[in-house]
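Written below as structure tokens is the structure these notes are about.
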Amino acid sequence: MDLVLLAENLGHAIGLAAVGAGIAVVGAGLGIGRAAGSAVEAIARQPEKTGDIRNNMLIAAALVEGVALFAVVVAFLTLIFLNGHVPAALGTAAGH
Numbered sequence: 006m007d008l009v010l011l012a013e014n015l016g017h018a019i020g021l022a023a024v025g026a027g028i029a030v031v032g033a034g035l036g037i038g039r040a041a042g043s044a045v046e047a048i049a050r051q052p053e054k055t056g057d058i059r060n061n062m063l064i065a066a067a068l069v070e071g072v073a074l075f076a077v078v079v080a081f082l083t084l085i086f087l088n089g090h091v092p093a094a095l096g097t098a099a100g101h
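Start counting at 1 in the sequence shown, then tack on 5, and there's your number in my numbering.
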């Protein structure tokens with residue numbers, strides 16, 4: 006394996022993992038914002054259903070947030086793996 010190519014790809018992989026985490030957070034923010042906006046509109050139309058609408062909105066927001074949290078955890082685990090294993094492999098390969 007070409008070590009120069011591996012080192013160049015390491016930088017790209019770390020950057021792309023960070024971009025993936027950012028996209029997950031932005032997507033979650035947009036999803037939760039849209040759910041909250043729709044809940045406010047629904048409450049304005051039917052104030053007597055406020056409790057039901059609020060509960061459904063909170064469940065939807067929790068599901069969206071859970072998916073985003075999973076994506077961020079995967080991105081951070083990717084960063085930890087890349088920072089821990091690839092430089093060690095470069096160091097041992099360079100020693101030969």
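Even for Gly, the Cβ is constructed at its ideal location relative to N, Cα and C.
When Cβ pairs closer than 8 Å are counted between the two stretches, the region 67-83 is seen to touch the region 26-36, the count reaching three or more. In terms of CA proximity to glycine 36, Glu70 leads the group Leu84, Phe81, Thr83 and Glu70. Look at the region 7-57 and you find these whole runs of alpha helix (DSSP H), each 4 residues long or longer: 8-50. Burial is judged here by how many other beta carbons sit within 10 angstroms of a residue's own beta carbon; alanine 80 has at least 16 and is buried.
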